[in-house]
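Presented below is the structure to which this report refers.
Protein chains: 2
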Amino acid sequence: MQEYYLGLDLGGTKILTGLADKNGKILARSRKDTEAKLGEEKIIANMVASIEEVLAKKNLQAEDIIALGIGSPGPLDAKKGIIIENSNLPWKNVPIVEKIEAAVGIKTLLKNDANAAALGEKWFGAGKEVDNMVYITISTGVGGGAIIKQELFSGVNDNACEIGHTVVDPDGPLCGCGNHGCLESFASGTAIARMAQEAAAEGKSKKMLDLADNIVEDVDAAICAQAAYQGDQTAKAIFAEAAFYLGIGLANLVNIFNTEMIILGGGVMKSADLFLDKAIATMRDNALPGPLEIVELREAELGSDIGLMGAIAVAMEDRLIKNG
Amino acid sequence: MQEYYLGLDLGGTKILTGLADKNGKILARSRKDTEAKLGEEKIIANMVASIEEVLAKKNLQAEDIIALGIGSPGPLDAKKGIIIENSNLPWKNVPIVEKIEAAVGIKTLLKNDANAAALGEKWFGAGKEVDNMVYITISTGVGGGAIIKQELFSGVNDNACEIGHTVVDPDGPLCGCGNHGCLESFASGTAIARMAQEAAAEGKSKKMLDLADNIVEDVDAAICAQAAYQGDQTAKAIFAEAAFYLGIGLANLVNIFNTEMIILGGGVMKSADLFLDKAIATMRDNALPGPLEIVELREAELGSDIGLMGAIAVAMEDRLIKNG
Numbered sequence: 000m001q002e003y004y005l006g007l008d009l010g011g012t013k014i015l016t017g018l019a020d021k022n023g024k025i026l027a028r029s030r031k032d033t034e035a036k037l038g039e040e041k042i043i044a045n046m047v048a049s050i051e052e053v054l055a056k057k058n059l060q061a062e063d064i065i066a067l068g069i070g071s072p073g074p075l076d077a078k079k080g081i082i083i084e085n086s087n088l089p090w091k092n093v094p095i096v097e098k099i100e101a102a103v104g105i106k107t108l109l110k111n112d113a114n115a116a117a118l119g120e121k122w123f124g125a126g127k128e129v130d131n132m133v134y135i136t137i138s139t140g141v142g143g144g145a146i147i148k149q150e151l152f153s154g155v156n157d158n159a160c161e162i163g164h165t166v167v168d169p170d171g172p173l174c175g176c177g178n179h180g181c182l183e184s185f186a187s188g189t190a191i192a193r194m195a196q197e198a199a200a201e202g203k204s205k206k207m208l209d210l211a212d213n214i215v216e217d218v219d220a221a222i223c224a225q226a227a228y229q230g231d232q233t234a235k236a237i238f239a240e241a242a243f244y245l246g247i248g249l250a251n252l253v254n255i256f257n258t259e260m261i262i263l264g265g266g267v268m269k270s271a272d273l274f275l276d277k278a279i280a281t282m283r284d285n286a287l288p289g290p291l292e293i294v295e296l297r298e299a300e301l302g303s304d305i306g307l308m309g310a311i312a313v314a315m316e317d318r319l320i321k322n323g
Numbered sequence: 000m001q002e003y004y005l006g007l008d009l010g011g012t013k014i015l016t017g018l019a020d021k022n023g024k025i026l027a028r029s030r031k032d033t034e035a036k037l038g039e040e041k042i043i044a045n046m047v048a049s050i051e052e053v054l055a056k057k058n059l060q061a062e063d064i065i066a067l068g069i070g071s072p073g074p075l076d077a078k079k080g081i082i083i084e085n086s087n088l089p090w091k092n093v094p095i096v097e098k099i100e101a102a103v104g105i106k107t108l109l110k111n112d113a114n115a116a117a118l119g120e121k122w123f124g125a126g127k128e129v130d131n132m133v134y135i136t137i138s139t140g141v142g143g144g145a146i147i148k149q150e151l152f153s154g155v156n157d158n159a160c161e162i163g164h165t166v167v168d169p170d171g172p173l174c175g176c177g178n179h180g181c182l183e184s185f186a187s188g189t190a191i192a193r194m195a196q197e198a199a200a201e202g203k204s205k206k207m208l209d210l211a212d213n214i215v216e217d218v219d220a221a222i223c224a225q226a227a228y229q230g231d232q233t234a235k236a237i238f239a240e241a242a243f244y245l246g247i248g249l250a251n252l253v254n255i256f257n258t259e260m261i262i263l264g265g266g267v268m269k270s271a272d273l274f275l276d277k278a279i280a281t282m283r284d285n286a287l288p289g290p291l292e293i294v295e296l297r298e299a300e301l302g303s304d305i306g307l308m309g310a311i312a313v314a315m316e317d318r319l320i321k322n323g
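These protein sequence lines are chains A and B, in that order. 230 is the number that numbering that gives the first Met the number 0 gives to position 231 of the first sequence; each next residue is one higher, with no gaps. 259 is the number that numbering that gives the first Met the number 0 gives to position 260 of the second sequence; each next residue is one higher, with no gaps.
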């Protein structure tokens, strides 16, 4: 009998669901709007509709599916299957696993999105050949997930590897978490946008302002990148600043996890040529020789499928470890 | 038949060897000078003499011993049994496991001292009741060892958990490793001594200078502590500075390891009342709520036996995990 798995990537604006065979090959997909503003019941109904649509596409029933994996922004309690909070979804303490299992009758597993992405890159992406890796996403925020001896390192209550909220300079900028100088406050899309808006407001970059039709609040990381590609020195300096702190964060990871591979993903990596070389050079300057000599840095391979492939890897994790 | 284990704590000035039963109870001890200056062969001869002395005390032979654990400062390659380098011992790339096994005929295992101490506190000290913990030693340097699901997390080549060399402020002081702003450069005995000497040289603390007979180079962390206990404001401020950065380092550990317990040991902890409260407050300010709510901070319990008990735990690790 064919083995089928489902993955569901729960985002603030869209729900992506995929059906995969036992090798992680996607056989069918569905995409629905999250409709977050319509509240908890509607979001869950949209998730269920997405799952049902993907099953219908291959004429499958719930009993044909071994497991469903959900990747969601956190914080969440993966073991209890509860999403504790979510800045993009208007809910608190939602027992999502229980609700989805009740609605569709498929065994359901939950992980935070960065951990799911780490599993995705481990089993289907850049980390296929290694047993130990750390995945870092550089996106709106900075998140991470570590694989140790093939297994996801979740920590005691699913909060491990919050690399974005390690402090790399206590005198640094205010972070969304309320502290100062977290890695995320220097090297995320949000941080780059903040620096770019400040520079634009201070009249330091006509180019960025111009690209944003002179609306300072519309200057974001993408505009900063575009300006940098067009030679704007201020924009380039902003990426250099982010790169430096990213390099410090990477060195700290090297010294703590002593891992085989660090994989970098997330939206900001689309402009990797603006900052990655400097980040790597800073990492090499700051990491200890012992752990540095065995670590390899790679870009994520799953691209826009990372959320979906991560969720599928969550569904398959037990099987993958056994056969890995 | 009784099960016996040996532990050997290899230090720059002394070699401590202990014989333990299967419960980790020390039955006999030996102490020898390392005589580091006399070179590799002499150091190894002293280790062997120490082992033989402890066996003789209980009238035991090599074949009565299940395993010998060695704890040594690193960097080292535990799997290969090689001490790569050691700032206190005049050797490089010494295949210590092979040499000791050849000399005494006992199965030998090697770990770096901080990792060994982590195992010691896990199995015989403050961490007995938990499966996940991080041990931090605040001593000449700052070192660490993490236990994940009862097992020592060694990393790919025995360099995991080098928390002392994670950067907490890139503009910080020069560290022994060559970088700036490592945790060790703010919150070790060496860092406290450096700050105290600077203050004494600038005439900011007559008390510290007085305690050092006006020899600036003799001002060390112990003198700084003594001055602080006697009310010297400069000395107190130095401990407060170290405490702040220690707290940042602890918060980063909490956010990365999401562990049940952090255990603090090492010589500087003898003056814990000068800095621990502030370090804990800073940790609480900077860690995320999720991992913070489940972590407990404890002082190490093994005191001056930590090196020896750590080495014994190294010898016993396989047995302890099986029976733990």
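Even for Gly, the Cβ is constructed at its ideal location relative to N, Cα and C.
Just the chain A side, please: which residues come within less than 7 Å of residue i by C-beta, in chain order?
i, result
"leucine 287/B", "Asn158, Glu161, His164 and Cys176"
"threonine 12/B", "Those do not exist, as threonine 12/B stays about 25 Å from chain A at its closest Cβ, beyond 7 Å."
"asparagine 131/B", "Val155"
Compare the C-beta of residue i against all C-beta atoms of chain E and say whether one is closer than 8 Å.
i, result
"glycine 70/A", "Although the question refers to chain E, the structure presented lacks it and instead comprises the protein chains A and B."
Could you have a look at residue i and say whether DSSP puts it in helix, strand or coil?
i, result
"phenylalanine 152/A", "strand"
"cysteine 176/B", "coil"
"isoleucine 162/A", "helix"
"asparagine 92/B", "strand"
"glutamate 374/A", "The structure shown does not extend to residue 374/A, since chain A spans only 0 to 323, so no value can be given for it."
"serine 29/B", "strand"
"threonine 107/A", "strand"
"alanine 102/A", "helix"
"serine 270/B", "helix"
"aspartate 219/A", "coil"
"methionine 0/A", "coil"
"alanine 66/B", "strand"
"alanine 19/B", "strand"
"alanine 250/A", "helix"
"glutamate 259/A", "coil"
"alanine 200/B", "helix"
"aspartate 391/A", "The requested residue 391/A does not occur in the structure, where chain A is confined to residues 0 to 323."
"isoleucine 214/B", "coil"
Does the distance from the CB of residue i to the CB of residue j come in under 8 Å?
i, j, result
"glutamate 52/B", "serine 29/B", "yes"
"leucine 118/A", "glycine 309/A", "yes"
"isoleucine 105/B", "alanine 66/B", "yes"
"asparagine 257/B", "asparagine 178/A", "no"
"valine 155/B", "valine 103/B", "no"
"methionine 268/A", "alanine 299/A", "yes"
"tyrosine 3/B", "isoleucine 64/B", "yes"
"isoleucine 222/A", "alanine 186/A", "no"
"serine 204/A", "alanine 234/A", "yes"
Could you give the C-beta distance for residue i and residue j, rounded to a whole number, given that I count them as a contact under 8 Å?
i, j, result
"valine 215/B", "alanine 227/B", "Between alanine 227/B and valine 215/B the Cβ distance is about 18 Å, and since that is not below 8 Å, they are no contact."
"glycine 144/A", "alanine 125/A", "That belief does not hold up - the Cβ atoms of glycine 144/A and alanine 125/A are roughly 13 Å apart, past 8 Å."
"asparagine 22/B", "aspartate 32/B", "Incorrect: roughly 30 Å between the Cβ atoms, too far for contact."
"leucine 108/A", "alanine 314/A", "6 Å"
"isoleucine 162/B", "leucine 252/B", "6 Å"
"aspartate 168/A", "aspartate 168/B", "5 Å"
"arginine 297/B", "isoleucine 247/B", "So it is not a contact: roughly 19 Å between Cβ atoms."
"alanine 278/B", "leucine 249/B", "6 Å"
"isoleucine 7/A", "isoleucine 50/A", "Contrary to the premise, residue 7/A reads as leucine rather than isoleucine in this sequence. With 8 Å as the limit, leucine 7/A and isoleucine 50/A qualify as a contact, their Cβ atoms being about 7 Å apart."
"glutamate 84/B", "proline 74/B", "6 Å"
Can you pull the chain B residues whose beta carbon is under 9 Å from the beta carbon of residue i, in chain order?
i, result
"threonine 258/A", "Gly154, Val155 and Ala159"
"proline 172/A", "Going along chain B, no residue has its Cβ under 9 Å from proline 172/A, so there is no contact; the nearest lies around 14 Å."
I want to verify the contact list: residues of chain A whose CB lies under 9 Å from the CB of residue i, in sequence order.
i, result
"valine 93/B", "Near valine 93/B there are no residues of chain A at all, since even the closest Cβ is about 16 Å away, more than 9 Å."
"alanine 250/B", "His164, Thr165, Val166 and Asn178"
"isoleucine 279/B", "The contacting residues do not exist; isoleucine 279/B stays about 16 Å from chain A at best."
"proline 74/B", "Leu287, Pro288 and Gly289"
What does residue i touch in chain B if you count any residue whose Cβ is under 7 Å from its own?
i, result
"asparagine 111/A", "Neighbours of asparagine 111/A on chain B: none; closest Cβ ~10 Å, over 7 Å."
"alanine 190/A", "The contacting residues do not exist; alanine 190/A stays about 16 Å from chain B at best."
"isoleucine 247/A", "Val166 and Pro169"
"isoleucine 293/A", "Val155 and Asn156"
Name the chain A residues whose beta carbon is nearer than 8 Å to that of residue i?
i, result
"isoleucine 255/B", "Ala159, Cys160, Glu161, Ile162, Thr165 and Ile255"
Contact residues within the region 306-319 of chain B, judged by C-beta distance below 7 Å to chain A = Going along the region 306-319 of chain B in chain order, one finds no residue with a Cβ nearer than 7 Å to chain A.
Could you name the residues of the region 114-125 of chain A whose beta carbon sits closer than 7 Å to any beta carbon of chain B, in the order they occur along the chain?
-> Hits within the stretch: zero.
Which residues, in order along the region 207-220 of chain A, keep a beta-carbon less than 9 Å from a beta-carbon of chain B?
-> When CB distances to chain B are screened at a threshold of 9 Å, not a single residue of the region 207-220 of chain A falls below it.
With 8 Å as the limit, tell me which residues of the region 134-153 of chain A have their beta carbon closer than that to any beta carbon of chain B; keep them in chain order.
-> Those would be Ile147, Phe152 and Ser153, in chain order.
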